[in-house]
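Asks:
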Amino acid sequence: MRSLLSLLGLTVAIAGMVGLFSVAEGLDYTVNRTFEQIPGLTVMQPGAPVPLFSKLPASWEKEIQEIDGVGVVNAQVVQRISQINGKAMISPPRLLFGTEISTRLELKKDVYGSHLVAGRFFTRNDRGTNHVIVSQQIADQLQITIGDTFDIENQEVELIGIYNTKLSLLDVAVMIDIDSARRMTRYDVTSVSCFYLEKSDETIADEELSQRITARFQNRPLEKWNPSQSASELSGFESHSFTTNVVTMLFRWLSSFTARQVAAPTNIEAKSQSPQKTKRSNSLGEKSSPIEVRTTDDWGARIDEFSQDLNLFLTVLTGIGMTIAVLSIVNTMLMSVSERIVEFGVLKANGWSAGDVMKLIAFESALLGFSGGICGIALGWIATQVINSQWPDRLQLFASPELLLFSVVFSTSMGILGGLYPAIWAMRMPPMVAIRRS
Amino acid sequence: MIEVANVTKIHARGETKVAALSDVSCQFATGSFTFVVGPSGSGKSTLLHLIGALEIPTSGEIKIDERSLTEFDSRQRNEYRRKEIGFVFQNFNLISNLNALDNVLVPFLPKGVTTGQRQQASDLLDQVGLAKRHEHRPHQLSGGEQQRVAIARAILKNPTLILADEPTGELDSKTGQEVFGYLRKLHSEKGTTVIVVTHDERYFLDTDRIVRLEDGRVVDSSSKGD
Numbered sequence: 001m002r003s004l005l006s007l008l009g010l011t012v013a014i015a016g017m018v019g020l021f022s023v024a025e026g027l028d029y030t031v032n033r034t035f036e037q038i039p040g041l042t043v044m045q046p047g048a049p050v051p052l053f054s055k056l057p058a059s060w061e062k063e064i065q066e067i068d069g070v071g072v073v074n075a076q077v078v079q080r081i082s083q084i085n086g087k088a089m090i091s092p093p094r095l096l097f098g099t100e101i102s103t104r105l106e107l108k109k110d111v112y113g114s115h116l117v118a119g120r121f122f123t124r125n126d127r128g129t130n131h132v133i134v135s136q137q138i139a140d141q142l143q144i145t146i147g148d149t150f151d152i153e154n155q156e157v158e159l160i161g162i163y164n165t166k167l168s169l170l171d172v173a174v175m176i177d178i179d180s181a182r183r184m185t186r187y188d189v190t191s192v193s194c195f196y197l198e199k200s201d202e203t204i205a206d207e208e209l210s211q212r213i214t215a216r217f218q219n220r221p222l223e224k225w226n227p228s229q230s231a232s233e234l235s236g237f238e239s240h241s242f243t244t245n246v247v248t249m250l251f252r253w254l255s256s257f258t259a260r261q262v263a264a265p266t267n268i269e270a271k272s273q274s275p276q277k278t279k280r281s282n283s284l285g286e287k288s289s290p291i292e293v294r295t296t297d298d299w300g301a302r303i304d305e306f307s308q309d310l311n312l313f314l315t316v317l318t319g320i321g322m323t324i325a326v327l328s329i330v331n332t333m334l335m336s337v338s339e340r341i342v343e344f345g346v347l348k349a350n351g352w353s354a355g356d357v358m359k360l361i362a363f364e365s366a367l368l369g370f371s372g373g374i375c376g377i378a379l380g381w382i383a384t385q386v387i388n389s390q391w392p393d394r395l396q397l398f399a400s401p402e403l404l405l406f407s408v409v410f411s412t413s414m415g416i417l418g419g420l421y422p423a424i425w426a427m428r429m430p431p432m433v434a435i436r437r438s
Numbered sequence: 439m440i441e442v443a444n445v446t447k448i449h450a451r452g453e454t455k456v457a458a459l460s461d462v463s464c465q466f467a468t469g470s471f472t473f474v475v476g477p478s479g480s481g482k483s484t485l486l487h488l489i490g491a492l493e494i495p496t497s498g499e500i501k502i503d504e505r506s507l508t509e510f511d512s513r514q515r516n517e518y519r520r521k522e523i524g525f526v527f528q529n530f531n532l533i534s535n536l537n538a539l540d541n542v543l544v545p546f547l548p549k550g551v552t553t554g555q556r557q558q559a560s561d562l563l564d565q566v567g568l569a570k571r572h573e574h575r576p577h578q579l580s581g582g583e584q585q586r587v588a589i590a591r592a593i594l595k596n597p598t599l600i601l602a603d604e605p606t607g608e609l610d611s612k613t614g615q616e617v618f619g620y621l622r623k624l625h626s627e628k629g630t631t632v633i634v635v636t637h638d639e640r641y642f643l644d645t646d647r648i649v650r651l652e653d654g655r656v657v658d659s660s661s662k663g664d
């Protein structure tokens, strides 16, 4: 019974560990899959964490287009939607994603166009119209189909297409022509949030093209992104949605990260050791450049660092759970050994060595740890699947095979560790001292 | 030949030290059947445990066929207990989560049990009247049956010395007779040296040797027929 309770305790601890780390892995998995779908470069305001907080002159599009190696340049305006059909859009967040349709159609890879599941994608005739393309998630939420009209910021729009990338970071966008987006959100007509560009020649390295673009705009006057201005934007993202909260946390982290870099680029440069960090600091370190070019690698490196911080936090939480589980194993094994100490004395009286007795106890506790690990990962994995299926648009947890394997190894190790003290105690006890306890 | 020479054993219980044996000397001939008798607390069981290398004397020496037990290291003591000694305890001391057959095989479990040993254990259980009890666990057996399993466990290793500590202490007289029957048979058929600690003098034969202890000292060492 005691062993069963200990097994249960360990199972819950390991399941909790799998669950907690699947949050970080889910974020990694989602972000990696997201950026796999967006292989191009993003030109943004220096220091802005994401395009939502960036602002650049629209007129720079032509200049970027002229740079050797640049293929298609797509101007984008990204704004948060506050109301749809008169209802506040708080959770999950919705973004109005204005895109320059003519250049959009020239992109070799369009994540939204390639994931269209109903209706049609934009044509040149959609320029200046209120035609929108939304995700399946948004269509389901609003219960709309192709041809339906609905209100965004109290302005009527018509649904012409539905996409489904199944990526929570992308499926928040309501796509519309860039000029219509500006009109609806009263966005400055001479500005854009960012430029998304594809290379004309794939043999050119992202870093090389990034440097060419940065060099082109050197010494141009442009107000640097102010971290404080993101506070009001971010406040709109506060919600009860888990994914939204994680994304908000990510945005906050990116904000603080970039804010630190903007404030003290020399420190960052001095501390940067890895090629990724050096590369990033080079682009940010161009103090006189009014733009920042983000490559897929840059995004990946930033997300990795965020993920590491999140992992550290989750490790602390898991550590507390595991400490309780290990103490539970030690207690169980100690009680178990105490109850059977006479038997261990009998085994020694029959020629078992102290090592044989220790191996037996260590094996039992390892078996307990292993069993707890197997039950724990099974429970944790099932829980992540259930959670993902129950809230597909809000949560994307991912328990990788590596995480599951690590959990079993960790649990088994904890089991052995927990049984070590009782094993040593039983091993050292002379046989007759043990037998006399009966 | 087992030679116990000037053996003293002091048990320390906290600050208190109790002398279980004081300067005890005696001998047990190879192939003899010896009873160690005496009142409670006289040191009978302690003497048995020292001969079985379950405990180490505080002073003095015990020799088994000219080999000094006190000079054995722990590995040698384990091997001595595993190969040469068969223990039979008053309260049987079977392993509760093993069945009768596995309990008989306990001494060999760490090194791995051979098919021959398993067959031999099975035969031994049959011989002590437990043919239909191989798969039963200790709590499913009566006291007499448990003691017969313990005797089979002691016999399986074909020991040169059987040490029995009050083997009939928790059994009725009929079952006690049966247990002694097995010990006598082993002694007579294989020439095994048997040393039995008991209070019960009903099982003595004229040919048996009696070592009488009082207050941790040998007060008499003679044959029943003397």
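Chains as they are written, first to last, in my numbering: chain Z, 1 to 438; chain S, 439 to 664. For every residue, glycine included, the Cβ atom is placed at its ideal position computed from N, Cα and C.
1) For Ile-416 (chain Z), which residues in the same chain have their Cβ closer than 8 Å to its Cβ, ignoring the five residues on either side in sequence?
2) Could you give the first and the last residue of the continuous alpha helix (DSSP H) run that contains Asp-140 (chain Z)?
3) Tell me whether the stretch 9–29 of chain Z and the stretch 347–356 of chain Z touch, counting them as touching only if at least three CB pairs, one residue from each stretch, are closer than 8 Å.
4) Spell out whether any CB of chain S is found under 8 Å from the CB atom of Ala-366 (chain Z).
5) Compute the distance between the beta-carbons of Asp-297 (chain Z) and Asp-201 (chain Z), then report whether it is under 8 Å.
6) Using only the alpha-carbon positions, how far apart do Cys-464 (chain S) and Val-474 (chain S) sit?
7) Please look up how many angstroms separate the CB atoms of Glu-61 (chain Z) and Ala-75 (chain Z), rounded, as I've assumed it's under 8 Å.
8) Where does His-572 (chain S) sit, in a helix, a strand or coil, going by DSSP?
9) Going by DSSP, what residue range makes up the alpha helix (DSSP H) through Asp-564 (chain S)?
10) Quick one: using the 10 Å Cβ neighbour count with 16 as the cut-off for buried, is Met-432 (chain Z) buried or exposed?
11) Whose C-beta lies closer than 8 Å to the C-beta of Leu-403 (chain Z) among residues of the same chain, with five residues either side of it excluded?
12) Who are the near neighbours of Val-189 (chain Z) in its chain, counting only those whose CB is closer than 7 Å to its CB and skipping five residues on each side?
13) According to DSSP, is Glu-158 (chain Z) helix, strand or coil?
14) Have a look at Z:Ile-162, Z:Ile-435 and Z:Val-73 and flag the residue whose alpha-carbon is nearest the alpha-carbon of Gln-143 (chain Z).
15) Is DSSP giving Ala-467 (chain S) helix, strand or coil here?
16) Between the stretch 161–180 of chain Z and the stretch 82–96 of chain Z, do at least 3 Cβ pairs fall closer than 8 Å?
17) Whose Cβ in chain S lies nearer than 9 Å to the Cβ of Val-337 (chain Z)?
18) Could you have a look at Glu-72 (chain Z) and say whether DSSP puts it in helix, strand or coil?
19) Is the distance from the Cβ of Leu-547 (chain S) to the Cβ of Ile-593 (chain S) below 8 Å?
20) On the premise that Met-322 (chain Z) lies in contact with Gly-418 (chain Z), defined as a C-beta separation below 8 Å, what is that separation, rounded to the nearest angstrom?
21) By DSSP's criteria, Gly-524 (chain S) is part of a beta bridge. Which residues make up the other side?
22) What are the residues that DSSP puts in a beta bridge with Met-163 (chain Z)?
23) In chain order, which continuous runs of the beta strand (DSSP E) of length 3 or greater are located wholly inside the stretch 578–627 of chain S?
24) From Glu-156 (chain Z) to Asn-130 (chain Z), what does the alpha carbon distance come to, in whole angstroms?
25) Short of 7 Å in beta carbon distance, which residues of its chain neighbour Glu-583 (chain S), apart from the five on each side in sequence? Order them along the chain.
26) Per DSSP, which one or two residues make a beta bridge with Arg-451 (chain S)?
27) Distance cutoff 8 Å, beta carbons only. Does Val-544 (chain S) sit that close to anything in chain Z?
28) Determine contact between the stretch 611–628 of chain S and the stretch 443–461 of chain S, defined as no fewer than three beta-carbon pairs at a distance below 8 Å.
29) Can you say whether Thr-443 (chain Z) is buried or exposed, counting buried as having 16 or more other CB atoms within 10 angstroms of its CB?
30) Just to make sure I have the definition right: I need the residues of chain Z whose C-beta is within less than 8 Å of the C-beta of Ile-533 (chain S). Which are they?
31) Output the distance between the C-alpha atoms of Gly-16 (chain Z) and Trp-299 (chain Z), rounded to the nearest integer angstrom.
32) Determine, for Asn-516 (chain S), whether the minimum Cβ-Cβ distance to residues of chain Z falls below 8 Å.
33) What residue range is occupied by the uninterrupted beta strand (DSSP E) comprising Ser-59 (chain Z)?
34) For Thr-34 (chain Z), which residues in the same chain have their Cβ closer than 7 Å to its Cβ, ignoring the five residues on either side in sequence?
35) When you compare only the Cα positions, how much space is there between Glu-652 (chain S) and Asp-646 (chain S)?
36) Counting C-beta neighbours from all protein chains within 10 Å, is the total for Gly-319 (chain Z) 16 or more, i.e. buried, or is it exposed?
Replies: In terms of the structure at hand:
1) Counted from its first residue, the first sequence places residue 416 (chain Z) at position 416. Counting only Cβ-Cβ distances below 8 Å, and skipping sequence neighbours, we find Ala-362, Ser-365, Ala-366 and Gly-369.
2) Sequence index remark: in the first sequence, residue 140 (chain Z) carries index 140 (1-based). It spans 136–142 - the alpha helix (DSSP H) in which Asp-140 (chain Z) sits, taken as one unbroken run.
3) no
4) Looking up residue 366 (chain Z) in the first sequence gives position 366. Not an interface residue.
5) The count along the first sequence starts at 1 and reaches residue 297 (chain Z) at position 297. The count along the first sequence starts at 1 and reaches residue 201 (chain Z) at position 201. Cβ distance not < 8 Å, so Asp-297 (chain Z) and Asp-201 (chain Z) don't count as in contact.
6) Translated into the one-based positions of the second sequence, residue 464 (chain S) becomes position 26. Translated into the one-based positions of the second sequence, residue 474 (chain S) becomes position 36. Cα to Cα, the separation comes out at about 11 Å.
7) Counting from one through the first sequence, the residue named residue 61 (chain Z) turns up at place 61. Counting from one through the first sequence, the residue named residue 75 (chain Z) turns up at place 75. That belief holds up - the Cβ atoms of Glu-61 (chain Z) and Ala-75 (chain Z) are roughly 5 Å apart, short of 8 Å.
8) Here residue 572 (chain S) refers to the residue found at position 134 of the second sequence. In the structure shown, His-572 (chain S) sits in coil (DSSP, three-state: anything other than H, G, I, E or B).
9) Residue mapping note: residue 564 (chain S) aligns to position 126 of the second sequence, counting from 1. Its alpha helix (DSSP H) spans residues 553–565.
10) Taking the first residue of the first sequence as position 1, residue 432 (chain Z) is located at position 432. Met-432 (chain Z) comes out buried.
11) As a working note, residue 403 (chain Z) is residue 403 in the first sequence. Around Leu-403 (chain Z): Val-18, Phe-21, Ser-22 and Glu-25.
12) Taking the first sequence and counting its residues from 1, the one referred to as residue 189 (chain Z) is at position 189. Excluding positions up to five away in sequence, the list reads Arg-182.
13) To locate residue 158 (chain Z), count along the first sequence from 1; it is residue 158. DSSP places Glu-158 (chain Z) in strand when its eight states are reduced to three.
14) By one-based count along the first sequence, residue 143 (chain Z) stands at place 143. Closest option to Gln-143 (chain Z), Cα to Cα, is Z:Ile-162.
15) Locating residue 467 (chain S) in the second sequence gives position 29, where the first residue counts as 1. Ala-467 (chain S) falls in the coil class under three-state DSSP.
16) yes
17) For the purposes of this step, residue 337 (chain Z) is identified with residue 337 of the first sequence, where counting begins at 1. Near Val-337 (chain Z) there are no residues of chain S at all, since even the closest Cβ is about 14 Å away, more than 9 Å.
18) For the purposes of this step, residue 72 (chain Z) is taken as residue 72 along the first sequence, with counting starting at 1. For the record, residue 72 (chain Z) in the displayed sequence is Val; it is not Glu. Correct three-state label for Val-72 (chain Z): strand.
19) Taking the second sequence and counting its residues from 1, one reaches residue 547 (chain S) at position 109. Taking the second sequence and counting its residues from 1, one reaches residue 593 (chain S) at position 155. No; because the gap between Cβ atoms is not below 8 Å, this pair is not in contact.
20) For the purposes of this step, residue 418 (chain Z) is taken as the residue at position 418 of the first sequence. For the purposes of this step, residue 322 (chain Z) is taken as the residue at position 322 of the first sequence. Not really, about 10 Å apart at Cβ, beyond 8 Å.
21) Numbered from 1 along the second sequence, position 86 holds the residue referred to as residue 524 (chain S). Beta-bridge pairing links Gly-524 (chain S) to S:Ile-600.
22) The count along the first sequence starts at 1 and reaches residue 163 (chain Z) at position 163. Here residue 163 (chain Z) turns out to be Tyr, not Met, going by the sequence shown. Bridge partners of Tyr-163 (chain Z): Z:Leu-116 and Z:Ser-135.
23) 599–603
24) In the first sequence, counting from the first residue as 1, residue 156 (chain Z) sits at position 156. In the first sequence, counting from the first residue as 1, residue 130 (chain Z) sits at position 130. Going by the C-alpha atoms only, they are around 7 Å apart.
25) Start at 1 with the first residue of the second sequence, and residue 583 (chain S) comes out as number 145. Taken in chain order, the residues that qualify are Leu-568 and Arg-571.
26) Within the second sequence, the letter at position 13 stands for residue 451 (chain S). Per DSSP, S:Thr-454.
27) The sequence position of residue 544 (chain S) within the second sequence is 106, counting from 1. Interface residue, yes.
28) no
29) Nothing about residue 443 (chain Z) can be read from this structure; chain Z reaches only from 1 to 438.
30) Here residue 533 (chain S) refers to the residue found at position 95 when the second sequence is read from its first residue. Correct list: Glu-343, Val-346 and Leu-347.
31) As a first step, residue 16 (chain Z) must be located in the first sequence, where it is residue number 16. As a first step, residue 299 (chain Z) must be located in the first sequence, where it is residue number 299. Distance between the alpha carbons of Gly-16 (chain Z) and Trp-299 (chain Z): 29 Å.
32) Walking along the second sequence from the start, residue 516 (chain S) turns up at place 78. True, the Cβ-Cβ gap to chain Z drops below 8 Å.
33) Working through the first sequence from its first residue, we reach residue 59 (chain Z) at position 59. Looking at the DSSP string, Ser-59 (chain Z) is not in any beta strand (DSSP E), and its letter there is neither H nor E.
34) Translated into the one-based positions of the first sequence, residue 34 (chain Z) becomes position 34. Excluding residues within five positions, the ones whose Cβ falls inside 7 Å are Leu-167, Leu-169 and Leu-170.
35) Along the second sequence, one-based indexing puts residue 652 (chain S) at 214. Along the second sequence, one-based indexing puts residue 646 (chain S) at 208. When rounded, the distance between both Cα atoms is 19 Å.
36) In the first sequence, counting from the first residue as 1, residue 319 (chain Z) sits at position 319. With fewer than 16 other Cβ atoms within 10 Å, it is exposed.
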